[in-house]
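Each remark here refers to the structure printed beneath this line.
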Amino acid sequence: MTALDPSRVLSIQSHVVSGYVGNRAATFPLQTLGYDVDVVNTVQFSNHTGYGHTNGHKTTPEQLTSIFEGLITNGLVAHSRILTGYVPGAEALEVVAEQIRRMKDNNPETLYVLDPVMGDMGTGLYVSQDVVPIYKEMLKLASIITPNQFEVELLSGINITSIETLHTALQQLHTANSLAHIAFSSIPLPISLVTSLDLPSPPESYLRLLPDPFPPWYDAVGVGKPEDEVLVCFASSWQDDSMRTWAFALPTIRGYFSGVGDLFSAMVLAHFKNPESQSSLPPLAHAVSKALLTVQQILLRTHIYSLIQTGTSGTATPRPLHHSPSEPQGSAIPSDVELDEINPINPKDPKRKARRMRLRELRVVQERALIADGGEGWPGKELDWPSVLRDEA
1 MTALDPSRVL
11 SIQSHVVSGY
21 VGNRAATFPL
31 QTLGYDVDVV
41 NTVQFSNHTG
51 YGHTNGHKTT
61 PEQLTSIFEG
71 LITNGLVAHS
81 RILTGYVPGA
91 EALEVVAEQI
101 RRMKDNNPET
111 LYVLDPVMGD
121 MGTGLYVSQD
131 VVPIYKEMLK
141 LASIITPNQF
151 EVELLSGINI
161 TSIETLHTAL
171 QQLHTANSLA
181 HIAFSSIPLP
191 ISLVTSLDLP
201 SPPESYLRLL
211 PDPFPPWYDA
221 VGVGKPEDEV
231 LVCFASSWQD
241 DSMRTWAFAL
251 PTIRGYFSGV
261 GDLFSAMVLA
271 HFKNPESQSS
281 LPPLAHAVSK
291 ALLTVQQILL
301 RTHIYSLIQT
311 GTSGTATPRP
321 LHHSPSEPQG
331 SAIPSDVELD
341 EINPINPKDP
351 KRKARRMRLR
361 ELRVVQERAL
371 IADGGEGWPG
381 KELDWPSVLR
391 DEA
């Protein structure tokens, strides 16, 4: 058994030259929190696919195997924490799974956070169908998984249509895979249900970042939402033959942002059983609480920045934003797709869309102080499942 370095992380996921998704969204925040991060890039792209045009290549299974063999030969596999994200094909995912299996066999205490990146609601599966059974097998290797709604339904085989089916899906994932922890990134739930759960409001440290008065684009935990839905994150742990679940209500920021899930998974890994953490919450609930505060703050600051850059009114903010010299304030095009319809200046121009996407790249570097500070965490509440299910019935 190799002695593990508690500060070392192995992150296996995508890489982009420009922007912040995959390893680019995970590495700097983890380093900011004191982790020594080794990265294996499963793809090498110019930018994320939201730009509409992407160049680059996928790392082949043979190349991945060679990289892992080099690390093993030189005695460099002593990571206490592993994070995996986007892996584009079944053969490559098999290589990754085998490497993690070997690492866990050598050191069963290795923390493994699995983000089973496969698709999303509305868009469906955006990887090969062949990866699904492999991910189902990898659940048995994971310490924590960080799926979205689409991935929870795909892995559990249960369509989530109510709080009861949500409970069943979580329980199925826990019990069928001996899976200790699930950080369910978000799911929209009816505001009436969220109100009945009496989930806490956003923390003061988040509200202070908002313009005063609150701008019309801000939806605070369902207030004024035309869809009458609220995003909720769940931290579910299985211990002593029972499931304990914390719920966190999240505000909605309307817009297309990439890398949010990648940042969330990295922050869950960073804060789970961190020796420096002191919390009355169980380990997963604490990690998710801390991760959510970082992600929500950076998402908010990124959105405000994009609005300021486009000259959108009503976006004054109490704390100055960091501006890049290459992006002078007010010089960029509108960041919202709907504004193209109002002022259609060659809306099909790919450079126009690229500039819009660039404005919405997560500002992980500029807002590094928020990452380092960590704050008090995002407030949540433990669910009393018998009571919740009784009320549902």
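In UniProt numbering, the protein residues as written are 1 to 393.
Note that beta-carbon positions come from the ideal geometry of N, C-alpha and C, so glycine has one too.
What you are looking at is a predicted structure, and each value in this text was computed from that prediction instead of being measured.
Mind checking whether residue i and residue j have CB atoms under 7 Å apart?
i           : j    : result
F257        : R368 : no
R24         : V16  : yes
T60         : T42  : no
A235        : L33  : no
L293        : G377 : yes
V39         : L30  : no
W238        : H174 : yes
L64         : V113 : no
D228        : I191 : yes
L189        : V230 : yes
V117        : Y86  : yes
S178        : T146 : no
L300        : L209 : yes
F150        : G119 : yes
L4          : A92  : no
residue 394 : A26  : The requested residue 394 does not occur in the structure, where the chain is confined to residues 1 to 393.
Going by DSSP, which residues form a beta bridge with residue i?
i    : result
S185 : Bridge partners of S185: none, in fact.
A235 : A183, W246
S11  : V39, L83
D120 : G124
P211 : Paired residue(s): none; P211 is not in a bridge.
V230 : L189
V16  : F45
H57  : Q44
D384 : Answer is none; D384 lacks a bridge partner.
L269 : None; L269 has no bridge partner.
Quick one, which of the options has its alpha-carbon nearest residue i's?
i    : options                : result
V365 : I67, L10, K381, S18    : S18
L76  : I163, V96, M103, P283  : M103
I144 : Q296, P283, I304, W378 : P283
A90  : V127, T123, D115       : V127
Q172 : T84, P379, V152, I163  : V152
L10  : T84, V95, E69, P190    : T84
Y305 : H286, A354, P211, E164 : P211
D241 : V288, A92, A180, L250  : A180
M121 : R301, N148, T110       : N148
E204 : Q296, L4, F184, A142   : Q296
F45  : S280, E382, H57        : H57
L383 : S196, L93, K290, L71   : S196
L111 : L139, Q129, S80        : S80
L193 : P133, E164, R101, G255 : E164
R244 : L170, S185, A372, S162 : L170
S14  : Y206, L263, K353, K351 : L263
I308 : L207, R356, S265       : R356
P202 : L141, K290, L125, S156 : K290
Q129 : L154, P108, D115, D105 : L154
R352 : H53, G157, Y35         : H53
Below 8 Å on the Cβ atoms is my guess for residue i versus residue j; work out the distance and round it to an integer in Å.
i    : j    : result
I187 : I160 : 7 Å
G259 : Y20  : 5 Å
L250 : T302 : Incorrect: roughly 15 Å between the Cβ atoms, too far for contact.
R101 : L141 : 6 Å
A97  : E137 : 7 Å
V288 : C233 : 7 Å
E392 : S162 : 6 Å
Can you tell me whether residue i sits near the ligand ZN, meaning its C-beta is under 6 Å from at least one heavy atom of the ligand?
i    : result
L370 : You won't find the ligand ZN in this model; it holds no ligand whatsoever.
Ignoring anything shorter than 4 residues or poking outside the stretch 141-180, list the alpha helix (DSSP H) runs there in chain order.
Qualifying alpha helix (DSSP H) stretches, in chain order: 149-156, 163-177.
Which complete alpha helix (DSSP H) runs does the stretch 282-309 hold, if anything under 4 residues is left out?
As far as the stretch 282-309 is concerned, its whole alpha helix (DSSP H) runs of at least 4 residues are 283-309.
Please give the ranges of any beta strand (DSSP E) in the stretch 19-52, keeping only runs that are unbroken, at least 3 residues long and fully inside the region.
Runs of the beta strand (DSSP E) inside the stretch 19-52: 36-45.
Extract the residue ranges of the alpha helix (DSSP H) inside the stretch 350-381, only unbroken runs of 4 or more that lie entirely within it.
As far as the stretch 350-381 is concerned, its whole alpha helix (DSSP H) runs of at least 4 residues are 350-359, 368-373.
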